[in-house]
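Engineer: Counting from 21, one number per residue, gives the positions in the sequence shown under our numbering. Ideal placement from N, C-alpha and C gives every residue a C-beta, glycine not left out. The structure under discussion is supplied below as C-alpha cells; questions concerning it will follow.
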Amino acid sequence: MVVEAVIRKFRFRSIVNDIPLNYKFMLIYVIAILLPIVIINYLFMDRMSWLIKEREEQNLQISLERARKDIHGMIDGGVAVSHALITDKLLYETLDRDYKDSLDFYNTFNEQLRHRVTSYIPVNNQIKRIGIYTDNPTIVPGSDYYYLNESILSSSWYQKWKSFHGTVLVSAYLDTGAKISTTATPYLSVVEKMDDYDVNKSYQKLVRIDFDLSRFYDVIARERNYLDLYLVNDQNEVIVSMDSGYRRENTSSFPLFKMDNEADNDLHTLPIGNASYVRGWKLIGVPQGTRVSKAMMDMRIYFSILVGLITLFTSVFIYVLLRSYNHRVKRLARHMQKVRNEKFELIKMDEGRDEIGHLIRNFNMMTSQIHSLINNVYKLEIQQKSQETERVRAELNLLQSQMNPHFLFNTLNALLVVSTKNNYTDVRDIIKDLSKLLRRLLNWKDDLVLLEEEINFTVMYLDIEKFRFRDKFDYSIEITEEVRHYKIPKMSIQQLAENACKYGIQAIEGLGVVKIRAEVADEQLRVVVSDNGKGIDEERLKEVLYNMRSEKETIGGNIGIRNVYRRLELYYNDRVNFNLISKVGEGTEVSFEIPMQLLKCQDGEGGNGNGV
Numbered sequence: 021m022v023v024e025a026v027i028r029k030f031r032f033r034s035i036v037n038d039i040p041l042n043y044k045f046m047l048i049y050v051i052a053i054l055l056p057i058v059i060i061n062y063l064f065m066d067r068m069s070w071l072i073k074e075r076e077e078q079n080l081q082i083s084l085e086r087a088r089k090d091i092h093g094m095i096d097g098g099v100a101v102s103h104a105l106i107t108d109k110l111l112y113e114t115l116d117r118d119y120k121d122s123l124d125f126y127n128t129f130n131e132q133l134r135h136r137v138t139s140y141i142p143v144n145n146q147i148k149r150i151g152i153y154t155d156n157p158t159i160v161p162g163s164d165y166y167y168l169n170e171s172i173l174s175s176s177w178y179q180k181w182k183s184f185h186g187t188v189l190v191s192a193y194l195d196t197g198a199k200i201s202t203t204a205t206p207y208l209s210v211v212e213k214m215d216d217y218d219v220n221k222s223y224q225k226l227v228r229i230d231f232d233l234s235r236f237y238d239v240i241a242r243e244r245n246y247l248d249l250y251l252v253n254d255q256n257e258v259i260v261s262m263d264s265g266y267r268r269e270n271t272s273s274f275p276l277f278k279m280d281n282e283a284d285n286d287l288h289t290l291p292i293g294n295a296s297y298v299r300g301w302k303l304i305g306v307p308q309g310t311r312v313s314k315a316m317m318d319m320r321i322y323f324s325i326l327v328g329l330i331t332l333f334t335s336v337f338i339y340v341l342l343r344s345y346n347h348r349v350k351r352l353a354r355h356m357q358k359v360r361n362e363k364f365e366l367i368k369m370d371e372g373r374d375e376i377g378h379l380i381r382n383f384n385m386m387t388s389q390i391h392s393l394i395n396n397v398y399k400l401e402i403q404q405k406s407q408e409t410e411r412v413r414a415e416l417n418l419l420q421s422q423m424n425p426h427f428l429f430n431t432l433n434a435l436l437v438v439s440t441k442n443n444y445t446d447v448r449d450i451i452k453d454l455s456k457l458l459r460r461l462l463n464w465k466d467d468l469v470l471l472e473e474e475i476n477f478t479v480m481y482l483d484i485e486k487f488r489f490r491d492k493f494d495y496s497i498e499i500t501e502e503v504r505h506y507k508i509p510k511m512s513i514q515q516l517a518e519n520a521c522k523y524g525i526q527a528i529e530g531l532g533v534v535k536i537r538a539e540v541a542d543e544q545l546r547v548v549v550s551d552n553g554k555g556i557d558e559e560r561l562k563e564v565l566y567n568m569r570s571e572k573e574t575i576g577g578n579i580g581i582r583n584v585y586r587r588l589e590l591y592y593n594d595r596v597n598f599n600l601i602s603k604v605g606e607g608t609e610v611s612f613e614i615p616m617q618l619l620k621c622q623d624g625e626g627g628n629g630n631g632v
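Here you go:
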C-alpha cells in the first residue's frame, strides 16, 4: 500500500510537471480565484435572497397590520358614533313621542334635532351619512330622519338587519335605488337599534351610519407598493380592493374572493378585529411580485457588477504576472537554444529579483564565462597559430629583403657619390632616406617599436613619396609628447600612409595631403591617418570592410589595411577599435584606438600589456 501511494504521488507530480506554465497559471486562476469567487457569490446571493425575502415579509406584515388598524379604527369610530346616538335619551324620547301636526314636529326639530346627528360627522371623516329611521308616522321625513315606509322595509340593508340576531350590524350591500336603474351603489353601514331605554317604546327606531368607502380605498391604495389588499366580509365578498376599487356598476352583488392554488400559498390574511360586529371580516394581502423581483434584480445587478469588477481586476493581475513569467522564461529558452548553436548571446532585459530573474542572471554569467573560456582557450590557440604564421611570413619577407644587401647598399652609395659631385641635392636626400629606410627594415627584429620610431620611419617613406609627386603631394604630422614612448606593432602607421598615397592621392588632380595624428583620448591611444583623395564609394567600402574582418586571406587591393587590422587584433585581443570612413570626392580616414593599459612604455610607465 505504501509503495502504491508513493507511486501515485510521483505519478501525480509527473503529471503536474508536464503541464505548461501558461496552463498552470490558468488552472491556478480558475481553481484558486475564479471558482471561489463564483461559489462565494452564489452562497452570498442565496443568503441575501433569503434576507431580502425575510425583510420583505416583515414589510408586508407591517403594511397589512397598518391597513387593518386604520380600517378597524374607522369601523370602531362609526360604531362608537352609533352607540352615542342610541344612548342619547333626548333623541330617543323626541323620536318616540307623537306630534300633533307637521308644525309641531318642525318646532321640535329646530329646537332639538337639527344638529344633533350631523355634529358627529366632522369629527369622524370616515362617516359619509348618518340616518335615523323610525316607524313613528307623526314625524316629517327629511334631513337625517326617515320614516320606515315600504320602500325602506324592502331595501337590502333593512332585510339584512331584519335577519340579523345580534345587537350591532356592520354590513356591506348594494342599493340599486330606483327600480329602473342598472347602477348599484355600494354601502358599508353600521345599523343599531335604539332600545336602551324602557320608557314608552312605542315605535321602532334604528340608527344607520354609512361609511365613506373612498376612505377605505385610500388606506388600501396607500399600501399598493407592498400589497394588493382586499377588504373581505364574513361571506367572502370583496368590499373594497386595489384592483376594482369600491364602485360597482352593472352588478347585483359583490364579487367573491377567489385565488388559484398557487397564489393561495402566498396570501397574507389578517382578521379586522375580535368584536362581534366584525367577526369574519378580514384583510387579505397579495404580495406584489414586482417589488420582491425588483429587490432581487437590484441585488443581482449589484453583485454581478461587483463580481465582474473583481474578476476583471484579478484577470488583469494574473495576466500581468503570467506575462512576466512567460515572457522571461521564453527568452531564456530561446537563448539556451542559441547556446546549443554556439551563439553565446546575453539576455538583455530587466530580469527582476525573483527566481526567474536569478535564473537569468546565472545564465548570463554562465554564458559569459563559457564565451570567455572559448576565447581564452580555443581562440587563443588560433591567434597563436595565426601569429606564428605571420611571424614565419615576416621572416620569409625579411629573408627575401636581405638578399644581396651589400649589393643594394653599394649601389645606393655609388648613386649618393654621383649625386653629391653633381650637386643633385634632392636626389641625394632621397637616396639617404631610402638607404635609412632599407637599413631600418633589415635591422627591425622586434615586432613592437616606439611610436616615435614608427613615425620617423613613416616620415622617411612620405619624403620619398613627396620626391615622386613633387608639388602634387604634401603631408603633416601631429603627435603629442605623451604618446611618443609607447610601443605599438611596427609598420602599423606606415602601411596606412602607404595605402593613402597609393589609392587616394595618386588618383586625383591637384594637391594631395596625407595627415597623421596621434594622441590620448578617453584613456586610449588614438591614431588617425587621413587623406583628401578620391574616396571609396559605399559599395566598395562595404567590400573592403568585409575583406578586412574576414578570416580568409583575400587577393587584391587594400591588403595593407587588412594586415594592420589583423596584427592589432592579434596583439590586443579584439579590444582595438578600428574604423574606416570614406566619402567619394572627399577622402578617406583610417583610425584605430588602443586602451592605454594594454600598451608598454619605454621608461616603464603605462599599463601591462596583454601578453605583449
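Is DSSP giving A538 helix, strand or coil here?
Structural biologist: A538: strand per DSSP, three-state reduction.
Engineer: Which of the three DSSP states is assigned to R67 in this structure?
Structural biologist: Three-state DSSP puts R67 in a helix.
Engineer: Under 8 Å by Cβ, that's how I've got V252 and F277 pegged, so tell me the actual separation to the nearest angstrom.
Structural biologist: Confirmed, Cβ separation roughly 5 Å.
Engineer: Less than 6 Å between C-beta atoms, sequence neighbours within five positions excluded: which residues of the same chain meet that for N382?
Structural biologist: So the list is empty, once near-sequence residues are dropped.
Engineer: In chain order, which alpha helix (DSSP H) runs of at least 4 residues are fully inside the stretch 144–191?
Structural biologist: For the stretch 144–191, whole alpha helix (DSSP H) runs of length 4 or above, ordered along the chain, are 170–173 and 176–183.
Engineer: Report yes or no: do the stretch 54–64 and the stretch 252–261 share at least 3 C-beta pairs separated by less than 8 Å?
Structural biologist: Touching, no, given that fewer than three Cβ pairs across the two stretches are closer than 8 Å.
Engineer: For I556, which option in Y591, N519, R587 and S602 has the closest C-alpha, if you only look at C-alpha atoms?
Structural biologist: Nearest C-alpha to I556: S602.
Engineer: Thinking E613 and Q544 are a contact (beta carbons under 8 Å), I'd like their distance in whole angstroms, please.
Structural biologist: That pair is a contact at about 4 Å.
Engineer: Can you give, in chain order, each stretch of the alpha helix (DSSP H) that sits fully within the stretch 209–264 and has at least 4 residues?
Structural biologist: Segments of the alpha helix (DSSP H) lying fully in the stretch 209–264: 233–242.
Engineer: Just to confirm, are I513 and V547 a CB contact at a threshold of 8 Å?
Structural biologist: Contact: yes.
Engineer: Using only alpha-carbon positions, find the residue among N346, Y566, Q526 and A192 that is nearest to R490.
Structural biologist: Comparing Cα positions, the closest option is Q526.
Engineer: Between D96, D215 and K109, which lies nearest to S296 when the distance is taken from Cα to Cα?
Structural biologist: Here the closest residue by C-alpha is D96.
Engineer: Can you tell me which of W70, A315, M480 and E257 puts its alpha carbon nearest to the alpha carbon of G450?
Structural biologist: Note that residue 450 is Ile in the sequence shown here, rather than Gly. Cα-wise, what sits closest to I450 is M480.
Engineer: Considering only DSSP beta bridges, list what H288 is partnered with.
Structural biologist: Paired residues: G305.
Engineer: Entirely within the stretch 88–148 and at least 4 residues each: give me those alpha helix (DSSP H) ranges in chain order.
Structural biologist: Counting only runs of 4 or more, we get 109–116 and 122–128.
Engineer: Which residues does DSSP pair with P615 in a beta bridge?
Structural biologist: Looking at the DSSP assignment, P615 forms a beta bridge with Q544.
Engineer: Spatial neighbours of D108 within its chain, please: C-beta separation below 8 Å, excluding the five flanking residues on both sides.
Structural biologist: Contacts found: R136.
Engineer: Buried or exposed: T289, going by 16 or more other Cβ atoms within 10 Å of its Cβ?
Structural biologist: Under this definition T289 is an exposed residue.
Engineer: Thinking just about the alpha-carbon of each residue, which of P161, V101, L565 and A241 is nearest to the one in Q146?
Structural biologist: That would be V101, whose Cα lies nearest to the Cα of Q146.
Engineer: Rounded to whole angstroms, how far is the Cβ of L470 from the Cβ of K507, which I believe are closer than 8 Å?
Structural biologist: That belief holds up - the Cβ atoms of L470 and K507 are roughly 6 Å apart, short of 8 Å.
Engineer: Helix, strand or coil, according to DSSP, for I525 in the structure here?
Structural biologist: Helix, per DSSP.
Engineer: With a threshold of 8 Å, are at least 3 pairs of Cβ atoms found where one atom belongs to the stretch 129–143 and the other to the stretch 160–180?
Structural biologist: At 8 Å Cβ cutoff, the stretches touch.
Engineer: Which term fits P40, buried or exposed, when burial requires 16 or more other beta carbons within 10 angstroms of its beta carbon?
Structural biologist: Looking at its Cβ environment, which holds fewer than 16 other Cβ atoms inside 10 Å, P40 is exposed.
Engineer: Let me make sure I understand the geometry here. Which of L110, G553, K213 and I376 has the alpha-carbon closest to that of K681?
Structural biologist: The requested residue 681 is not part of the displayed model; the chain covers only 21 to 632.
Engineer: Cutting at 6 Å between CB atoms, please list the residues of its own chain near Y119, excluding the five before and the five after it.
Structural biologist: For Y119, where only same-chain residues beyond five positions count, the Cβ hits under 6 Å are F125 and T158.
Engineer: Using 8 Å for Cβ pairs, my map puts I82 next to V239. What's the rounded Cβ distance?
Structural biologist: Between V239 and I82 the Cβ distance is about 14 Å, and since that is not below 8 Å, they are no contact.
Engineer: For F598 and M511, I'd like the C-alpha separation in whole angstroms.
Structural biologist: Straight-line Cα distance between these residues: approximately 16 Å.
Engineer: Sorted by chain position, which residues of the same chain lie with C-beta nearer than 6 Å to D370's C-beta, five sequence neighbours on each side aside?
Structural biologist: None.
Engineer: According to DSSP, is P206 part of a helix, a strand, or is it coil?
Structural biologist: Strand at P206.
Engineer: Rounding to the nearest angstrom, what Cα-Cα distance links I475 and R586 in this structure?
Structural biologist: Whole-angstrom Cα-Cα distance: 20 Å.
Engineer: Starting from the C-beta of G530, find all residues in its chain whose C-beta is less than 8 Å away, skip the five residues before and the five after it, and write them out in chain order.
Structural biologist: Here the set comprises K492.
Engineer: May I ask you to verify whether the stretch 340–359 touches the stretch 41–55, counting CB pairs closer than 8 Å and requiring at least 3?
Structural biologist: Flag = yes, the stretch 340–359 and the stretch 41–55 touch.
Engineer: Put I39 into one of helix, strand or coil per three-state DSSP.
Structural biologist: I39 falls in the coil class under three-state DSSP.
Engineer: With distances taken Cα to Cα, identify the nearest neighbour of R299 among L329, R149 and V188.
Structural biologist: For R299, the nearest C-alpha among the options comes from V188.
Engineer: Using 10 angstroms around the beta-carbon of M386, count the other beta-carbons present and answer buried if the total reaches 16, otherwise exposed.
Structural biologist: Answer is exposed; the Cβ neighbour count stays below 16.
Engineer: When the Cα of P112 is compared with those of E518, N156, L84 and G98, which residue comes out closest?
Structural biologist: In the sequence on display, residue 112 carries Tyr and not Pro. For the residues E518, N156, L84 and G98, the minimum Cα distance to Y112 belongs to N156.
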